[in-house]
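Read through the structure below, which is laid out as C-alpha cells, and then see the notes.
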Amino acid sequence: MKNKLPKLIVMLGPTASGKTELAIKLAKKFNGEIVNADSRAIYCDMKVGTDRPGKNEGGVRHHLVGSLAPYSEFSLAEYKKLAVDKINDILKRGKQPFLVGGTWLYISAITNNLEIPSVKPNKVWRKSQEKFESETLYKKLQKLDPKAAERIHPNDKRRIIRALEVINFSGKKISEQQKKGAPIFNVLKIGIKRDLSEVEKRVRGRIKTKMGDALIRETRRLLKKYSLKLPAMSGLGYPEMTRYIKGELSKKEAFELLAKNTRRFARYQTNTFRQDKKIKWVKGATDAAEKIKKFIKNSG
RNA sequence: GCCGGGGUAGCUCAUCGGUAGAGCGCAGCCCUGAAAAGGCUGGCGUAGGCGGUCCGACUCCGCCCCUCGGCA
Numbered sequence: 003m004k005n006k007l008p009k010l011i012v013m014l015g016p017t018a019s020g021k022t023e024l025a026i027k028l029a030k031k032f033n034g035e036i037v038n039a040d041s042r043a044i045y046c047d048m049k050v051g052t053d054r055p056g057k058n059e060g061g062v063r064h065h066l067v068g069s070l071a072p073y074s075e076f077s078l079a080e081y082k083k084l085a086v087d088k089i090n091d092i093l094k095r096g097k098q099p100f101l102v103g104g105t106w107l108y109i110s111a112i113t114n115n116l117e118i119p120s121v122k123p124n125k126v127w128r129k130s131q132e133k134f135e136s137e138t139l140y141k142k143l144q145k146l147d148p149k150a151a152e153r154i155h156p157n158d159k160r161r162i163i164r165a166l167e168v169i170n171f172s173g174k175k176i177s178e179q180q181k182k183g184a185p186i187f188n189v190l191k192i193g194i195k196r197d198l199s200e201v202e203k204r205v206r207g208r209i210k211t212k213m214g215d216a217l218i219r220e221t222r223r224l225l226k227k228y229s230l231k232l233p234a235m236s237g238l239g240y241p242e243m244t245r246y247i248k249g250e251l252s253k254k255e256a257f258e259l260l261a262k263n264t265r266r267f268a269r270y271q272t273n274t275f276r277q278d279k280k281i282k283w284v285k286g287a288t289d290a291a292e293k294i295k296k297f298i299k300n301s302g
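Counting in this note's numbering, the first sequence runs from 3 upward without gaps.
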C-alpha cells in the first residue's frame, strides 16, 4: 500500500538532547526546512532561556521560531494552523519539511490531525467562571456534557471551564468535537535516544556555558516588558532567575533549581514520548539519515 | 572535658504515653484553543543503639553512639 500523502519528517527528543543540531544536519542533507514544535521557542525576546535557533541557524531555514510576542494569546489551535500552513508552504516550494521540537501535544496535533473544537478562548468569560468553586462547575458539566465530565477530574478547573466554554459558545459538547481527523501527512517520527544520565550531563553543561549571566540579563529585560503571569514567562529559566533577581535565592541556588527543573522536564518528556510506539529511535545522524532515505524512497 | 539543642520516610520537619503524618523529592497516570501549562494517584519507616518504668513508649528515665552550637 502506498501512502500518497506528502511526507513529513518529525524529530523529537527531550530538552538538551541535541535536536536542533541533528535537525540542521539532516535538513541540509535532504534539502529541508525546519518547522519548530517547541511551545516556548515560538516567542521572540526569549532566546537564551529557550535555547532556540535563529531563523537561519546553520544555513537552514527555521520557521516559527521567535516569531510571536510573548504577550500574544497563543494556543494549540493557533499553532496547528500556523504549522500546517508552513509545512504546506515548504512542500509547495519542493522542499522537505522537518517538524522539530519537544512539545508532544503540538506534534500530535499535526501528526494525528487533531480536530480542535472551534471555540476561541474567552478571557472575560473564563474569569467570570473562575469565581465559582470547582465542585459547582463540575456539577454543571456533569449535566451538560456527562461524557466530558467523565474524562475530566473534578479538581481540574481549567479543563472544566474549557469544556463549559465550548458548550456555552457553540451549543455543542466538547466531548463530541474532540476528534482525530484523517491524516494529512505521511509521517516519519524520529526520536533522539539519550539516557537520562546523559541528558542530565548536557543540561548541566548547557546551563554552565550557554546561559550563565546571559540568562540573568535576558530575564531582567523580559521582566521590564512583560508580566510574570504570561504563559510565555513560565518557560524554564525565567521563574528561577526572577527569584534570584528578587533576592529570594542566591545565584547558585537559582541555577541549581533550574538544573533540577530542567532535568525533571526532560524526564517528563521522555516518558510521554515513550508511549508512542511509532517513534523510531536513533542515536546519531548516520542512523537517522538512513531511516530518512528509506522513508523518502519507499512510500513515494 | 563541661553545658545545651537535636537524632522519626531520600531531604526538611510534625506528632511527645495507646505501635507515626505533612511538604518537597521520587514513581506512575490523566489531560485537544495556557502543554516548559493544568490535574490525579502512590508512604511498614527496626522513630540512633541498649536497658528500665508502664497494661502499653517514638513519646518518660538511665547509659552509650552520632551531630550541631556555646564554654574550656
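Glycine residues also receive a C-beta, built at the ideal position from the N, C-alpha and C atoms.
State the Cα-Cα distance for the pair residue i and residue j, rounded to the nearest angstrom.
i: residue 143; j: residue 101; result: 36 Å
i: residue 275; j: residue 207; result: 23 Å
i: residue 1; j: residue 104; result: Nothing can be reported for residue 1: it is not among the residues displayed for the chain, which extend from 3 to 302.
i: residue 137; j: residue 157; result: 8 Å
i: residue 21; j: residue 141; result: 44 Å
i: residue 77; j: residue 14; result: 20 Å
i: residue 60; j: residue 49; result: 16 Å
i: residue 203; j: residue 272; result: 15 Å
i: residue 114; j: residue 183; result: 7 Å
i: residue 200; j: residue 263; result: 16 Å
i: residue 291; j: residue 28; result: 7 Å
i: residue 1; j: residue 86; result: Missing from the structure shown is residue 1; the chain here goes from 3 to 302 and no further.
i: residue 161; j: residue 116; result: 17 Å
Using a 10 Å radius around the Cβ and a threshold of 16 neighbouring Cβ atoms, would you call residue i buried or exposed?
i: residue 95; result: exposed
i: residue 302; result: Residue placement at residue 302 is flagged as unreliable, the pLDDT there being 49, under the threshold of 50; the coordinate-derived value follows with that caveat. Exposed, by the Cβ-count rule.
i: residue 215; result: exposed
i: residue 153; result: exposed
i: residue 126; result: exposed
i: residue 177; result: buried
i: residue 277; result: exposed
i: residue 234; result: buried
i: residue 210; result: exposed
i: residue 239; result: buried
i: residue 123; result: exposed
i: residue 196; result: buried
i: residue 155; result: exposed
i: residue 219; result: exposed
i: residue 71; result: exposed
i: residue 303; result: As shown, the chain starts at 3 and ends at 302. That puts residue 303 outside it, with no answer to give.
Could you pull the DSSP bridge partners for residue i from this structure?
i: residue 48; result: The partner list for residue 48 (beta bridge, DSSP) is empty, contrary to what the question assumes.
i: residue 98; result: 34
i: residue 282; result: 192
i: residue 2; result: This structure does not reach residue 2, given that the chain is present from 3 up to 302, and the question cannot be answered.
i: residue 103; result: 14
Return the first residue and the last residue of the beta strand (DSSP E) that residue i is part of.
i: residue 9; result: 9-14
Can you tell me where the alpha helix (DSSP H) with residue i in it begins and where it stops?
i: residue 56; result: Where residue 56 is concerned, there is no enclosing alpha helix (DSSP H), given that its DSSP letter is neither H nor E.
i: residue 247; result: 240-247
i: residue 75; result: That residue, residue 75, is in no alpha helix (DSSP H); it is neither H nor E in DSSP.
i: residue 289; result: 287-300
i: residue 108; result: 106-113
i: residue 176; result: 176-179
i: residue 226; result: 215-227
i: residue 260; result: 253-276
i: residue 199; result: 198-208
Whole alpha helix (DSSP H) elements within the stretch 129-168, 4-residue minimum
DSSP runs (the alpha helix (DSSP H)) wholly in the stretch 129-168: 136-146, 148-153.
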